[in-house]
Amino acid sequence: MKVYVGCSGFSYEEWRGVFYPPNIEKEEFIVYYSKFFHVVELNFSFYSFPSRGTIKSFLSRTKDLNFSVKAHRTFTHTRNYTSQDVKKFLYSIEPLLEEDRFIAILFQFPESFHRSEESLEYLIKLSKDFRGIQKVVEVRSKSFRSADFYSFLEEQGFSLVNTDAPKGSKFLIGPWVSAGDINYVRLHGRDPLKPYDYLYSLEELKKLKTKIKKLGDKLTYIFFNNTVRGQAVYNALQMKMLFGLQVSIPKKMEDFYREREWE
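In short: position in the sequence shown from 1, add 222, done, that's the working numbering.
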């Protein structure tokens, strides 16, 4: 199993002094991040269409970092996009494809997006409009939990996102099924009252590793979205260690989490 581990985003000011050095320029965050990880999710693209120039800048300042790009909300939440929106989005990420440093477009749908004929037709439309591009889908409604839906996604050229989230929430957790060309995992944390503010224990990470390994021998990407106070970085480095990947730990981060044991 070829595994890559990273974080959902990198440009968090609150990571300064925990992961990033206190005096580093924000423009250098991505350079520092790339010393520890080979993959990252770009999530600012959900709120505004990414600039082609920004993407080129990321590429020029990093050497081995590969990028997954979260689809703009017009494709997943308002769902009223035009053909020009598709062209604009694809044009902006084209440099990633040209340099072979592109992972996938992440289509993350809200919990209000339930299974229906209309929603399946919408996914077919997305598949056609983004054909030829690696695509992953994260659905949050439990109404999608079924083997025929996972097969449907695969037939439409999507890979399924497997997730970890607070138990008892409305979100679909898991389903720990491999569908599509790649395995794609997003770990959001487990506190229902404080989204993305959760530190996984080593035991929890070991159990998650077991679930991930059962997905099978495909190219596998794991992204931590528990970004508050740099917890995603800490857990991502731990997960890299559990998979036997090379890890270097910033001393400041070791000190910050010194009450936690590293294996």
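Cβ atoms here follow ideal geometry from the backbone N, Cα and C, with glycine treated the same way.
The C-beta of Pro472 has 16 or more other C-beta atoms within 10 Å across all chains shown, which makes the residue buried. For Gly466, there is no enclosing beta strand (DSSP E), as DSSP marks it with neither H nor E. For Asn245 and Arg367, the gap between their C-alpha atoms comes out near 46 angstroms.
Residues of the same chain with a CB within less than 6 angstroms of the CB of Leu437, apart from the 5 flanking positions on each side, are Ser400, Asn405 in chain order. Between the alpha carbons of Ser270 and Phe289 lies a distance of about 17 angstroms.
The three-state secondary structure of Ala454, taken from DSSP, is helix. A Cβ-Cβ separation of about 5 angstroms places Val359 in contact with Phe329 under the 8 angstroms criterion. For Trp237, same chain residues with a beta-carbon under 6 angstroms away, outside a window of 5 residues either side, are Gly452 in chain order. The three-state secondary structure of Val361, taken from DSSP, is coil. For Gly411, DSSP assigns no beta-bridge partner whatsoever. Residue environment: Gly354 is assigned as exposed (fewer than 16 neighbouring CB atoms within 10 Å of its CB, all protein chains considered).
Unbroken beta strand (DSSP E) stretches of 3 residues or longer found wholly inside the stretch 305-390: 324-330, 357-360, 380-386, given in chain order. When C-beta atoms of the stretch 309-327 are compared with those of the stretch 283-298, three or more pairs fall below 8 angstroms, so the two segments count as touching. With a contact defined as Cβ atoms closer than 8 angstroms, Pro388 and Arg412 qualify at about 5 angstroms. Under the criterion of beta carbons closer than 8 angstroms, Gly396 and Leu375 do not qualify as touching, at roughly 14 angstroms. Pairing Gly466 with Phe324, the inter-Cα distance amounts to about 24 angstroms. Within the model, the alpha-carbon separation for Asp477 versus Leu421 is close to 16 angstroms. With contacts defined by Cβ atoms closer than 8 angstroms, Thr449 and Gly239 do not form a contacting pair. Excluding sequence positions up to five before and after Phe380, its CB lies within less than 6 angstroms of the CB of Lys357, Val359, Gly402, all in the same chain and listed in chain order. Taking the CA atoms as reference points, His336 sits about 34 angstroms from Thr276.
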